[in-house]
Structures are given as C-alpha cells and as structure tokens.
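Everything below concerns the one structure shown next.
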Amino acid sequence: MASPRVSIVMLTYNRPQFIGRAIDSIAAQDLSDWELIVVHDGPNQFTRDLVTARAQSDPRIRYFHRDKGGNIANATNHGLRQARGEFIAILDDDDYWGRPDKLSTQVDFLARNPGYAGCGSGMIVIDEQGAEILRNLKPESDEEIKRNALFANPLAHSTSMYRRAAIEQCGLYDESLAGFQDWDVWLKLGRAGKLYNWPEYTTYYQLWEGGGSFHAQRRNTESAIAIVKRHGPYYRGYPVALAMAYSYYAYARLPIGFRRATYYSLSRAKKAFFGGKQAPAA
Numbered sequence: 001m002a003s004p005r006v007s008i009v010m011l012t013y014n015r016p017q018f019i020g021r022a023i024d025s026i027a028a029q030d031l032s033d034w035e036l037i038v039v040h041d042g043p044n045q046f047t048r049d050l051v052t053a054r055a056q057s058d059p060r061i062r063y064f065h066r067d068k069g070g071n072i073a074n075a076t077n078h079g080l081r082q083a084r085g086e087f088i089a090i091l092d093d094d095d096y097w098g099r100p101d102k103l104s105t106q107v108d109f110l111a112r113n114p115g116y117a118g119c120g121s122g123m124i125v126i127d128e129q130g131a132e133i134l135r136n137l138k139p140e141s142d143e144e145i146k147r148n149a150l151f152a153n154p155l156a157h158s159t160s161m162y163r164r165a166a167i168e169q170c171g172l173y174d175e176s177l178a179g180f181q182d183w184d185v186w187l188k189l190g191r192a193g194k195l196y197n198w199p200e201y202t203t204y205y206q207l208w209e210g211g212g213s214f215h216a217q218r219r220n221t222e223s224a225i226a227i228v229k230r231h232g233p234y235y236r237g238y239p240v241a242l243a244m245a246y247s248y249y250a251y252a253r254l255p256i257g258f259r260r261a262t263y264y265s266l267s268r269a270k271k272a273f274f275g276g277k278q279a280p281a282a
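All residue numbers for the sequence shown refer to the numbering used here, where the first residue is 1 and numbers rise by one.
This is the structure:
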C-alpha cells in the first residue's frame, strides 16, 4: 500500500463508550489520505469488536491489540513504529475533532513551513454528557509558546500534528516518565524546530472522571520535576518553573478532601495564567 500523508495514532484501554465518536470525526475529515492506527491495551471485547468492524469496512484503519500493555508513552511509541505517514496526528479515544478541515489545514501549514516541527490548535472542553464547559486557545506563536513552555503544556495532544521524522530524531516518547509524556515531547520538538497553535477550536476535549487527571496527580508531579530539570536550561523561567513543580509535588500530597475541593479551580487558574486564552462556554 502507498504511504498515507498522515498517520493518526489513537490509544484505547477500557472506555469503549466514546471511541466510535472519535473515529467518526476522523472519517469526516476533508483530507482522506490518512491511516488510523488504534493501539488497544487490555481485554475489552466491545472495543475489539467495534474497531475490528470499522477496520473491515475501511482499510485505512489498522488495529493493534496488546493483551499486556504499557504506559501511555509505550503505547504511543508502539503506534509510531507502525506509522507510515509523513505527518503524525494524535487523537485520544475520548476526544473528537469538530472541524472537517483540521487535518488539511495542519498538513498545509507544515508543508509550507519546513522550519516548524509541529502544531496544534484550540479546544472546547466538554463534560461526560457532551455539554460545553469552556474554550481554550493555547499561545499561538513560537515565541509565545516557548515563553511559557516550562510552566504549562504548550500544545493540547489531541489537537496536534508533528513531523514523523522530527519525533524519530527526538527519540519518540520517554517511557520512563510516569506522566506528562506529551509535555516532554513538545519541549523536545521545540528544541528541534518551531511550534505553532492555530487560533481556532478544532477539537472537543472530554473532561470526565474516567479521564484520570485527578487520580494521577502524584506521579504527574514527579514527572513534572524531571521534565523541568531536563529542559530547563533551554527555555525561559527555569528557576521559577522548578519551584512551581516542587510546589505541585507538595500539593499532591495534601489530604485528598482538600485536593478534591480545590483541584479543578487551581487547574483552571494555571491554564488561564500560562496556558493561553480561556473563554466561557458558548
């Protein structure tokens, strides 16, 4: 088979209720020259049946089931090693793309701007019922992105596209990190080239209890310290960013009741200060 222009990597574990929606949003793209690589860890039979049926009806969908999986970085790297496209797009199984020109716009941008390693866009945050919570636009220009890159994840993973050659040159995702592996990738890619965020909302980001952000706080804060130390010398604000990473580490070890009461408000405040422009639900 001829190599597609874009390889889309989607990880799925044990949440089959959303993956059909995600695949539908890929099929609705106006750029048809893609392959979807689904890496399925775990035994969920419904997911297996659904993706297998989709793959039988659309040969662009490639399904890889692993009985014994790894962490997010390990699963993503497994997908990247199967990829044949010039560009890599990421879509989590519980998110979906809301604009049919998402892929074509990003391919066009990267094709016309060889100095850029990757790009992303804005996202609309929704709850488990699909109701809109807020809208977020990440910093747009490379200069803005790198100014705050040590303080907050500069690109939203499900909005992103990057060059396969660039991620291979950077050594893929770091499987030793317990969390924030995508943040580490953007900092690596940002050292290899420029980054950009398209100032449009292309992606619906699912915020729900099964997403795991709250429950992963402790290991995420350990990863944050390692990431800031690793990339600090190459980006602005290293001393302050390291102090903040240690403060998050201490916060994650406070009583769970206090963290439950304050986590989402503090998270939104951090995103508002370092993560770009937020707007209330439309």
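All C-beta atoms in this analysis are idealised placements derived from N, C-alpha and C, irrespective of residue type, glycine included.
- Task: Report the partner residues of M10 according to the DSSP bridge assignment.
- Result: V38
- Query: Hey, quick one: how far does the beta strand (DSSP E) through R194 stretch, first residue to last?
  - Reply: Here residue 194 turns out to be Lys, not Arg, going by the sequence shown. 194-206 is the span of the beta strand (DSSP E), which, as asked, contains K194.
- Query: Hey, out of T105, L195, Y96, G179, whose CA is closest to R218's CA?
  - Reply: G179
- Message: Starting from N74, trace the alpha helix (DSSP H) in both directions and tell me its first and last residue.
- Response: 72-82
- Query: Excluding five sequence neighbours on each side, which residues of the same chain lie with their C-beta closer than 7 Å to the C-beta of R191?
  - Reply: Y234
- Touching by the beta-carbon criterion (3+ pairs, under 8 Å), the stretch 223-242 and the stretch 111-131: no
- Query: Three-state secondary structure (DSSP) at F258?
  - Reply: helix
- Where G190 falls: helix, strand or coil (DSSP): helix
- Quick one: using the 10 Å Cβ neighbour count with 16 as the cut-off for buried, is G257 buried or exposed? exposed
- Determine the extent of the beta strand (DSSP E) in which A89 is found, giving its start and end residues. 87-90
- Task: My understanding is that V125 touches A75, with C-beta atoms under 8 Å, so please give their C-beta distance in whole angstroms.
- Result: Actually they do not touch by this definition, with Cβ atoms about 24 Å apart.
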